[in-house]
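Visitor: Chains as they are written, first to last, in this note's numbering: chain A, -8 to 333; chain B, -8 to 333. Each residue gets a CB set at the ideal place from its N, CA and C atoms; glycine is no exception. Got a structure for you, questions after.
There are 2 protein chains.
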Amino acid sequence: MAKAPRVTIQDVAALSGLSICTVSRALRGLPNVSETAQLKVADAATKLGYKASSAASRLAGGTTGSVAIIAPTATAWFFAKAVEAAEEVFADSGFDTVLISLRNTPSVHRKVFGDLDALSQRVDGVLLLNIALSDAEVEALASSGLAVASVGMHNVPWDNVGIDNEDAAWKATNHLLGLGHWDLAILSGREPGAGSVVTATDRLHGFRRALAEHDLTVDPDLVVDAGSSIEGGRRAMTELIENRRMPSAIFAGCDETAFGALMALRDLGLSAPKNVSIIGIDDHQMSWFLGLSTMAQPVADQGAFAANLLIEGLQRPGPLTAPASHVLDTKLIERKSTRRKR
Amino acid sequence: MAKAPRVTIQDVAALSGLSICTVSRALRGLPNVSETAQLKVADAATKLGYKASSAASRLAGGTTGSVAIIAPTATAWFFAKAVEAAEEVFADSGFDTVLISLRNTPSVHRKVFGDLDALSQRVDGVLLLNIALSDAEVEALASSGLAVASVGMHNVPWDNVGIDNEDAAWKATNHLLGLGHWDLAILSGREPGAGSVVTATDRLHGFRRALAEHDLTVDPDLVVDAGSSIEGGRRAMTELIENRRMPSAIFAGCDETAFGALMALRDLGLSAPKNVSIIGIDDHQMSWFLGLSTMAQPVADQGAFAANLLIEGLQRPGPLTAPASHVLDTKLIERKSTRRKR
DNA sequence: AAGAAGAGTGTAAGCGCTTACAAATTTAGC
DNA sequence: GCTAAATTTGTAAGCGCTTACACTCTTCTT
């Protein structure tokens, strides 16, 4: 298998009997190219199996043909799913997907968002998944020249898609409240700051609002940081029971956190809903199996939708004037981990 | 925030009072650069915040500074974990990580491996995760000019790291056999072919060998294709019970498949180990919770190890002469989903 | 002390593509 | 049927970097 002797735009030009300039334009679908030329070029290109060199295009002022997906972590269920869905859309549109995981690490977060130039050098656009950004970072990103789209963020000057996290949390909490539980704990995502997940904040708000609407106060002891992993949920739940106190019901920031909580309960010989009711958000594949009540959200849809938004943004000529925010539905799924308070 | 006026190698050259050629060499650590020059350049570069344009480097015959991770799917637990671990290594070494998910789809597999030129245009090397490759594909890849490293493949002309899948399956099967079960079923990964996962084949071999060593034959009805997802496991288990027959024990190709099987059992009012013993491979975080016996394997380690192998390969001057294959340990973890046959 | 060998540096020619701008061709207008 | 305008095509100058190759100094040789 000999080293393929790269076929360049010159070869296509030669074969089609046109200049490389015309070929370049034809290939990119620019106006001012006759149909005849268009066809000749297309013909020659396929015949030669021509593929433009992305490096050369980029250098000459074009684009990189790749986009970055930035996720707080790549292993959590939500992100793995969203990433795969987005990657599919990008791949089908001919974009390379550069994966950047912040690994829930503030220093990585700062490194990535502190050097947008480096980023904009390698990709045309970025897809942000639930990233908590400071105002300065938002502004920097908006004026970086990069196309941007996101999942689960709001009040951002670019297209976004997500669920209404506050509302979902509010509904989940109300479900608990409706079952007669008023002594509620929340296994929350990390507190705001670099490296955190934006949805966590919203969900905490929803939780607080639901309680407030019922004239209930939030016991600080019952708000525990659990991140969004199984491990974190387990740790948080253990902390809650051993060092704080057992609530009547628990709202877990996501299903994986709830799984961890369920584990912790079992460690201590307890279980849901017997000793405590528990509800999550996500509708992870395992939730049905574990009988976990949850607020279902469409994950792959969000990833794919946002990816399409980004691609549109990439193709739009001018800068984005009116960023749109799309909200997808969530749905309460009652299972056996929650039941009426006795 | 104004559009950053790109700082080029020229600026560095000017500031350091040297020629761009010397700067280029100094920056890349090539020989024949005096220490003084080295320092001056480093100084000017940091002062200016200079970052080489990957497009230009690439075009000028250099490298892309990015590597691809190719996985059969990005959502399965094993791959999500391995991808994140590898991405971390790459990021820390300054490489961009391009994620390519084959989505368990043969056509995507063919598209990716059928056009290695396109690939080698965008990345310097590829990290293959458990990809089942034909001999022709292996050869094409080996002579593509790309650096290659892999997880879970064997007899490949590049560095590889993995567990001994056949051995792990053999041990898992023997665990079942040792408990007195001789009527065994396997929930296997997909059969060989484009888009399949190579470990599945090995595990099936290990299963068969263990049975053969005990003079047992494999009932074709008890070999069912389950892919490597929860959904697949559930489907396969349902198929097994409803349309074939209930074995005494089951070896699931991976933990997620086992989870699915557990779900299917419960759908039918059955459970493990009461009605059937079941063992998986992975030691997924949920396995402990579900009491699933399994063969534990180090996933993040494999991803990180392979990533380092790839980076070494990228830095090695000549072509690889003696590909090394590293085997990591697995360990039987007995939990309550398997028990002695009564 | 003169010449060979080396080390360090600079010059200039691209890599394959995009993009003003100029040139050539077609179409429209009167 | 001839000019003005519109359309299509070609020319050439880079994009920022690498890399032969030429060149200038230092060191050793003998």
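Which residues of the region 240 to 262 of chain A have a Cβ closer than 8 Å to any Cβ of chain B? Give them in chain order.
Guide: Answer in chain order: Phe250, Leu253, Met254 and Arg257.
Visitor: How would you label aspartate 34 (chain B), buried or exposed, when you count the other beta carbons within 10 angstroms and need 16 or more for buried?
Guide: Residue numbering aside, residue 34 (chain B) sits at position 43 when the second sequence is read from its first letter. Label assigned to aspartate 34 (chain B): exposed.
Visitor: Thinking C-beta only, is glutamine 276 (chain B) closer than 8 Å to valine 142 (chain B)?
Guide: Counting from 1 along the second sequence, the entry for residue 142 (chain B) is found at position 151. Counting from 1 along the second sequence, the entry for residue 276 (chain B) is found at position 285. In this structure, glutamine 276 (chain B) does not lie closer than 8 Å to valine 142 (chain B) by Cβ.
Visitor: Which term fits methionine -8 (chain B), buried or exposed, when burial requires 16 or more other beta carbons within 10 angstroms of its beta carbon?
Guide: Here the question's residue -8 (chain B) lines up with position 1 in the second sequence. Residue placement at methionine -8 (chain B) cannot be trusted, given a pLDDT of 37 that sits under 50; the coordinates are not used to answer.
Visitor: In chain A, which residues lie with their C-beta within 9 Å of the C-beta of isoleucine 221 (chain B)?
Guide: Here residue 221 (chain B) is taken as the residue at index 230 of the second sequence, counted from 1. Correct list: Gln276, Met277 and Phe280.
Visitor: Can you find the residues in the same chain that come closer than 7 Å, C-beta to C-beta, to serine 10 (chain B), ignoring five residues on each side of it along the sequence?
Guide: As a working note, residue 10 (chain B) is residue 19 in the second sequence. Cβ within range, chain order: Ala4.
Visitor: Does any CB atom of chain A fall closer than 8 Å to the CB of serine 98 (chain B)?
Guide: Against the second sequence, residue 98 (chain B) aligns to sequence position 107. No - not a single Cβ of chain A is within 8 Å of the one on serine 98 (chain B).
Visitor: Give the DSSP-derived three-state secondary structure of isoleucine 0 (chain A) in the structure shown.
Guide: Position 9 of the first sequence, counting from 1, holds the residue named residue 0 (chain A). Correct three-state label for isoleucine 0 (chain A): helix.
Visitor: Scan the region 261 to 323 of chain B and note each continuous alpha helix (DSSP H) run of 4 residues or more that stays entirely inside, going in chain order.
Guide: Qualifying alpha helix (DSSP H) stretches, in chain order: 276 to 281 and 290 to 306.
Visitor: Can you name, in chain order, every residue of its own chain whose Cβ lies under 7 Å from the Cβ of valine 24 (chain A), other than the five neighbours on each side?
Guide: For the purposes of this step, residue 24 (chain A) is identified with residue 33 of the first sequence, where counting begins at 1. Thr13, Arg16 and Ala17.
Visitor: Would you list, in chain order, the members of the region 79 to 99 of chain B that have their beta-carbon closer than 9 Å to a beta-carbon of chain A?
Guide: Hits within the stretch, in order: Glu79, Ala82, Asp87, Thr88, Val89, Leu90, Ile91, Ser92, Arg94 and Val99.
Visitor: Less than 8 Å between the C-beta atoms of alanine 297 (chain A) and alanine 140 (chain A), yes or no?
Guide: If you number the first sequence from 1, residue 297 (chain A) lands on position 306. If you number the first sequence from 1, residue 140 (chain A) lands on position 149. Yes, Cβ-Cβ distance for alanine 297 (chain A) and alanine 140 (chain A) is below 8 Å.
Visitor: Does any residue of chain B bring its CB to less than 8 Å from the CB of lysine 42 (chain A)?
Guide: Residue mapping note: residue 42 (chain A) aligns to position 51 of the first sequence, counting from 1. Closer than 8 Å: yes.
Visitor: Can the beta-carbon of alanine 295 (chain B) be found less than 8 Å from the beta-carbon of alanine 76 (chain B)?
Guide: For this step, residue 295 (chain B) is matched to residue 304 along the second sequence. For this step, residue 76 (chain B) is matched to residue 85 along the second sequence. Yes, they are a contact pair.
Visitor: Could you tell me how far apart the beta carbons of serine 278 (chain B) and tryptophan 173 (chain B) are, in whole angstroms, since I believe they sit closer than 8 Å?
Guide: The residue given as residue 278 (chain B) occupies position 287 in the second sequence. The residue given as residue 173 (chain B) occupies position 182 in the second sequence. Serine 278 (chain B) to tryptophan 173 (chain B), Cβ: 25 Å. No contact.
Visitor: Does the Cβ-Cβ distance between glutamate 335 (chain A) and threonine 66 (chain A) come in under 8 Å?
Guide: With chain A covering -8 to 333 only, the question about residue 335 (chain A) has no answer from this structure.
Visitor: Mapping DSSP to helix, strand and coil, what is valine 167 (chain B)?
Guide: As a first step, residue 167 (chain B) is located in the second sequence; it is residue number 176 there, counting from the start. What sits at residue 167 (chain B) in the sequence shown is leucine, not valine. Three-state DSSP puts leucine 167 (chain B) in a helix.
Visitor: Which residue's Cα is closest to the Cα of aspartate 258 (chain A): A:Arg225, A:Lys327, A:Ala73 and A:Thr55?
Guide: Along the first sequence, one-based indexing puts residue 258 (chain A) at 267. Among A:Arg225, A:Lys327, A:Ala73 and A:Thr55, the Cα nearest to that of aspartate 258 (chain A) is on A:Arg225.
Visitor: Using the Cα positions of threonine 321 (chain B) and alanine 227 (chain A), report the straight-line distance between them to the nearest angstrom.
Guide: Here residue 321 (chain B) refers to the residue found at position 330 when the second sequence is read from its first residue. Here residue 227 (chain A) refers to the residue found at position 236 when the first sequence is read from its first residue. For threonine 321 (chain B) and alanine 227 (chain A), the distance between alpha carbons rounds to 30 Å.
Visitor: Should the region 122 to 137 of chain A be regarded as contacting the region 231 to 246 of chain A, the criterion being three or more beta carbon pairs within less than 8 Å?
Guide: They do not touch, by the three-pair rule.
Visitor: Across the region 114 to 122 of chain B and the region 47 to 62 of chain B, are there enough close Cβ pairs to call them in contact, namely three or more that are closer than 8 Å?
Guide: Enough Cβ pairs lie closer than 8 Å, so yes.
Visitor: Where DSSP assigns a beta bridge to glycine 197 (chain B), which residues make up the other side?
Guide: On the second sequence, position 206 is the one that residue 197 (chain B) refers to. Note: glycine 197 (chain B) sits in no beta bridge, so no partner.
Visitor: Should the region 83 to 101 of chain A be called in touch with the region 203 to 216 of chain A, which here means at least 3 C-beta pairs below 8 Å?
Guide: No contact exists between the region 83 to 101 of chain A and the region 203 to 216 of chain A.
Visitor: With distance defined between alpha-carbon atoms, name the residue in B:Ala82, B:Leu50 and B:Thr(-1) nearest to tyrosine 41 (chain B).
Guide: The count along the second sequence starts at 1 and reaches residue 41 (chain B) at position 50. Residue B:Thr(-1) is the option with its Cα nearest to tyrosine 41 (chain B).
Visitor: Check whether the Cβ of alanine 36 (chain A) lies closer than 8 Å to any Cβ atom in chain B.
Guide: Here residue 36 (chain A) refers to the residue found at position 45 of the first sequence. False, the Cβ-Cβ gap to chain B never drops below 8 Å.
Visitor: In the DSSP assignment, find the alpha helix (DSSP H) that holds glycine 223 (chain B) and state where it starts and stops.
Guide: In the second sequence, counting from the first residue as 1, residue 223 (chain B) sits at position 232. Residues 221 to 234.
Visitor: List in chain order: all unbroken beta strand (DSSP E) runs of 3+ residues lying wholly within the region 67 to 130 of chain A.
Guide: Runs found: 87 to 92 and 116 to 120.
Visitor: State the DSSP-derived secondary structure class of leucine 259 (chain A), mapped to helix, strand or coil.
Guide: Within the first sequence, the letter at position 268 stands for residue 259 (chain A). In the structure shown, leucine 259 (chain A) sits in coil (DSSP, three-state: anything other than H, G, I, E or B).
Visitor: Would you say threonine 285 (chain B) faces chain A, with C-beta separation under 8 Å as the test?
Guide: Position 294 of the second sequence holds residue 285 (chain B). Answer no: the Cβ-Cβ gap between threonine 285 (chain B) and chain A never drops below 8 Å.
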